[in-house]
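Number of protein chains: 4
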Amino acid sequence: MPKNTFFNLPEKKRTRILNAAIDEFSKYSYEKASITRIVNTANIAKGSFYQYFENKLDLFRHIFMISADEKLKYLKPTLDKMESEDFFTTLRNLYVAGIEFVKENYKLSQIADRLMKSNNENLKNEIFGETKPKSNHFLKVLLLKGIKRGEIDSSIDVELVSVMLTNLSFTITEYYLKTNEKGIVTDDYSDLMEMVEKMIYTIENGIKIKGEDNNDY
Amino acid sequence: MPKNTFFNLPEKKRTRILNAAIDEFSKYSYEKASITRIVNTANIAKGSFYQYFENKLDLFRHIFMISADEKLKYLKPTLDKMESEDFFTTLRNLYVAGIEFVKENYKLSQIADRLMKSNNENLKNEIFGETKPKSNHFLKVLLLKGIKRGEIDSSIDVELVSVMLTNLSFTITEYYLKTNEKGIVTDDYSDLMEMVEKMIYTIENGIKIKGEDNNDY
Amino acid sequence: MPKNTFFNLPEKKRTRILNAAIDEFSKYSYEKASITRIVNTANIAKGSFYQYFENKLDLFRHIFMISADEKLKYLKPTLDKMESEDFFTTLRNLYVAGIEFVKENYKLSQIADRLMKSNNENLKNEIFGETKPKSNHFLKVLLLKGIKRGEIDSSIDVELVSVMLTNLSFTITEYYLKTNEKGIVTDDYSDLMEMVEKMIYTIENGIKIKGEDNNDY
Amino acid sequence: MPKNTFFNLPEKKRTRILNAAIDEFSKYSYEKASITRIVNTANIAKGSFYQYFENKLDLFRHIFMISADEKLKYLKPTLDKMESEDFFTTLRNLYVAGIEFVKENYKLSQIADRLMKSNNENLKNEIFGETKPKSNHFLKVLLLKGIKRGEIDSSIDVELVSVMLTNLSFTITEYYLKTNEKGIVTDDYSDLMEMVEKMIYTIENGIKIKGEDNNDY
DNA sequence: CATGAATGAGTATTCATTCAT
DNA sequence: CATGAATGAATACTCATTCAT
Chain F
23 MPKNTFFNLP EKKRTRILNA AIDEFSKYSY EKASITRIVN TANIAKGSFY QYFENKLDLF
83 RHIFMISADE KLKYLKPTLD KMESEDFFTT LRNLYVAGIE FVKENYKLSQ IADRLMKSNN
143 ENLKNEIFGE TKPKSNHFLK VLLLKGIKRG EIDSSIDVEL VSVMLTNLSF TITEYYLKTN
203 EKGIVTDDYS DLMEMVEKMI YTIENGIKIK GEDNNDY
Chain A
23 MPKNTFFNLP EKKRTRILNA AIDEFSKYSY EKASITRIVN TANIAKGSFY QYFENKLDLF
83 RHIFMISADE KLKYLKPTLD KMESEDFFTT LRNLYVAGIE FVKENYKLSQ IADRLMKSNN
143 ENLKNEIFGE TKPKSNHFLK VLLLKGIKRG EIDSSIDVEL VSVMLTNLSF TITEYYLKTN
203 EKGIVTDDYS DLMEMVEKMI YTIENGIKIK GEDNNDY
Chain V
23 MPKNTFFNLP EKKRTRILNA AIDEFSKYSY EKASITRIVN TANIAKGSFY QYFENKLDLF
83 RHIFMISADE KLKYLKPTLD KMESEDFFTT LRNLYVAGIE FVKENYKLSQ IADRLMKSNN
143 ENLKNEIFGE TKPKSNHFLK VLLLKGIKRG EIDSSIDVEL VSVMLTNLSF TITEYYLKTN
203 EKGIVTDDYS DLMEMVEKMI YTIENGIKIK GEDNNDY
Chain X
23 MPKNTFFNLP EKKRTRILNA AIDEFSKYSY EKASITRIVN TANIAKGSFY QYFENKLDLF
83 RHIFMISADE KLKYLKPTLD KMESEDFFTT LRNLYVAGIE FVKENYKLSQ IADRLMKSNN
143 ENLKNEIFGE TKPKSNHFLK VLLLKGIKRG EIDSSIDVEL VSVMLTNLSF TITEYYLKTN
203 EKGIVTDDYS DLMEMVEKMI YTIENGIKIK GEDNNDY
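As structure tokens, this is what we get:
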């Protein structure tokens, strides 16, 4: 946690520091990110930095939290309507919201993404702590609810499928970014919707051809 | 390519060096991996290292090749039988072989994994060259063949699904490792098989409940 | 250019660093000069050095400038009186001033000398930039002026003679140092003056015996 | 001195080694020259090198001697005719021969040149030993003889002028190379002769305008 | 609360020389 | 006489963190 000194700072300065840090951590991995570069960009003294934050990790944790909070804002509407909508609608909305978050907060999204992919297990444990498991847990609850409602095949392995769905969320986001690499934020969401639709369809129905005579296993 | 001096070394010493390097690159990213640590572990002189290898990259490339070669040994049988087996059998075998490789060569697998996730694009291009794109391409070909044979639903987005299947391969491997974290290599493959079975089932059939009255979209 | 941190240093420390660097660069070529030796002599931390200077070249450039500035101080009076004095007086004064500079700033003079003789063309271009060509050009202008005034034989090859005069400047300096090798700075300039006088005389009149019957070419 | 093992080598191999060394020392200063590069170029084992030569210095000394011997071959005819020709003819021929040596043995000449310019005084003393002073001594003898014969102004400082003449030899060689930088060896020596002529003329007559009313000093 | 100098262990790479076979 | 592996000190440069003012 940043020290009190940081929160006592005039907002302008605080923002300058945060932006510098977001910039740095979105460009470089935790290890490669440089405090020196951050203080230069933010135009503060080296010493000041260590009066605001315990150390590099302290700053990173804070930045990561900001990213998580921002993402939650995108997911919130979907989560709120969760009870009144069927599983696949919720899943579809979550995927769309996830992509929208990345589209509109590219740098912030990169930070979490980079950490997800990192092999620095110590760091991941340090940062995620409780967060990660919960993300899975939430999908498990959603799946169980879907089964109860008769929307989901009850024979699936809930644990495994929840992990699959989580990772497929990353997959579709990456895929979307790669196919729309220009990085231009358009208001035309038709292709985004179509892509999500296709993925959800696959998750719903699988990829095996359906026919009355196709009974295997 | 390592210099001749390296291949002329007594096998014991060569192995000591390779193990030290594999250890290092499985623990640290390319950038963070330390030649000093490697030569200390391998108990050779700093100067000797540079008699064996051009530089750090030369060593890494060599280690990566070893990893790739080793993995291929696991996939080979499946690839050879590809023509005579249906899509899902091939996919199942590929997933199983992938997990087995990781189980039995954890450190080696970590090296490739780490590189895959790395954001050092220069390094990735240096190492992969042609390899990377082909991996996706291979699954696309497999899918198209499955469609032709009437095994796969022809309405799927082949591009998207191939990406999904690739990433699900990583997902299941990670998942397996996490649920069997003790790292003990057992000869009992029943749980592994079961897990793969479940994932393949989900991919085949989707997770939506099947009933004659289930009209969607 | 050294960083601000360097100029903000207490003068004593700054001088200590400069002296250490001057010592090093007067003893060793740019390539062989060692930052480690410099920081040890100056008694500062390795890291501190890089807070003061961008890199080795940055330091060298600074040291070289100091040397050039110092030399200019010696030449200035002569250059200022150039218009009102005849060619040979100016030349004589330039040679004398050159020797005096070397006598009283041996180490500094060595640094420029060493660079002049260096075969590291990249470095020379980096450092000299515009300076070098001008040195020759200046003597050419001086010669042409001398010809116009009727002081210099108009049949000479101005280009060639200017190169000769430049190199003879180095020659006499070296010669003076070698004949007074004890390195003792005396206030008795009589021998210095005499030596310069002799050289100028030779340049003026040549070494052929003068007689009405000695017409060749 | 190279060890006997070196002189016992088959000529072909010995030449290969010498050429590799000449190449290296003509491209790099003594310090920067690399034994590793030499043995690679010569295609011999690292260890073999140290069976032929004591160390780097031993090799350099040998190469330097070869260069000196080769140069002497060019000067020999002039030296032989010394007695029967007047001072300026001898000087002219020496200068011309010096340039010709450089033109036709560029690499060898570079080696001596590089050493001359070097500030590594230890090395210079090591190598020159007796050689250097003699070169000056020879010119002094020549000058004295010229004075006796009535060719040279007896009022000159013989010591100083001999140093001047030595250095002017380097000056004109450099100047010639710079104005004919293409490095193409032509058989047309007219420009070379003209340049030497001009310099000798300057040395003979000086650069002061000659007139009956020009009384100085 | 601001400042910025000080620190020193860390990085990859080079090189002449030695030595055992 | 040939070989080539072994050596280790040396190089310039980086970086997170501390500390005194």
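Chains as they are written, first to last, in the numbering used here: chain F, 23 to 239; chain A, 23 to 239; chain V, 23 to 239; chain X, 23 to 239. In this text, a Cβ means the ideal position worked out from N, Cα and C, and glycines have one as well.
Minimum Cβ-Cβ distance from residue 61(A) to chain F less than 7 Å: no
Rounded separation between residue 133(F) and residue 34(V) - CA only: Rounded to whole angstroms, residue 133(F) and residue 34(V) show a C-alpha spacing of 46 Å.
Candidates 201(X), 218(X) and 86(X), of which the one nearest residue 131(X) by Cα: Checking every option, the nearest Cα to that of residue 131(X) belongs to 86(X).
Residue 129(X) vs residue 139(V) beta-carbon contact at 7 Å: no
Coil, strand or helix - residue 230(V) by DSSP: Strand.
Residues bridged to residue 174(A) (per DSSP): 230(F)
Within-7 Å CB hit, residue 225(V) to chain X: yes
Where residue 135(A) falls, given that 16 or more other Cβ within 10 Å makes a residue buried: buried
Residue 173(F): contacting residues in chain A (beta-carbon distance under 8 Å): 230 and 231
Under 7 Å between C-beta atoms of residue 161(F) and residue 187(F): yes
Contact list for the region 185 to 203 of chain F against chain A, Cβ threshold 7 Å: Within the region 185 to 203 of chain F, the residues whose Cβ lies closer than 7 Å to some Cβ of chain A are 185, 186, 189, 190, 193 and 197, listed in chain order.
The region 50 to 69 of chain X contacting the region 58 to 74 of chain V, beta-carbon criterion three pairs below 8 Å: These segments do not touch.
Extent of the continuous alpha helix (DSSP H) to which residue 33(V) belongs: 33 to 49
Neighbourhood of residue 79(X) by C-beta distance below 6 Å, restricted to the same chain and skipping five residues each side: none
Cβ-based burial, residue 100(V) [other Cβ within 10 Å; buried from 16]: buried
CB contact below 7 Å: residue 141(F) versus chain A: yes
Range of the contiguous alpha helix (DSSP H) that encloses residue 28(A): Counting along the chain, the alpha helix (DSSP H) containing residue 28(A) begins and ends at 26 to 29.
Same chain only: Cβ atoms within 7 Å of residue 24(A), ignoring 5 sequence neighbours per side: 74, 75, 80 and 84
Sequence-distant residues of the same chain with beta carbon closer than 7 Å to residue 174(X), five excluded per side: 109, 165 and 168
Same chain only: Cβ atoms within 7 Å of residue 184(A), ignoring 5 sequence neighbours per side: 158, 161, 162 and 165
Assigned exposure category for residue 29(X) - 16 Cβ within 10 Å defines buried: Using a 10 angstroms sphere on the CB of residue 29(X), the tally of other CB atoms stays under 16, which defines it as exposed.
As assigned by DSSP and simplified to three states, the class of residue 237(A): Any reading at residue 237(A) is ruled out, since the residue's pLDDT is 48, under 50, leaving its predicted position unreliable.
Residue range of the alpha helix (DSSP H) that includes residue 87(A): 78 to 103
Stretch pair the region 35 to 55 of chain V + the region 43 to 51 of chain A: three plus CB contacts closer than 8 Å: no
Minimum Cβ-Cβ distance from residue 182(A) to chain F less than 7 Å: yes
Candidates 71(V), 89(V) and 26(V): closest to residue 149(V) by CA position: 89(V)
Residue 12(F) - DSSP class collapsed to helix/strand/coil: For chain F, the structure presents residues 23 to 239; residue 12(F) sits outside this window and is missing.
DSSP state of residue 126(A) mapped onto helix, strand, coil: helix
Cross-chain neighbours of residue 221(V) in chain X, by beta carbon under 9 Å: 179, 182, 183 and 186
Between the CA atoms of residue 31(X) and residue 39(X) - distance to the nearest angstrom: 10 Å
Residue-level contact to chain V via CB, residue 126(X), 7 Å cutoff: So, not an interface residue.
Residue-level contact to chain F via CB, residue 83(A), 7 Å cutoff: By this cut-off, residue 83(A) is not an interface position.
Partners in chain V for residue 54(X), counting only beta-carbon separations shorter than 7 Å: 53
Span of the alpha helix (DSSP H) around residue 144(A): 143 to 150
Residues that residue 136(V) contacts on chain X, provided the C-beta gap is smaller than 8 Å: 141
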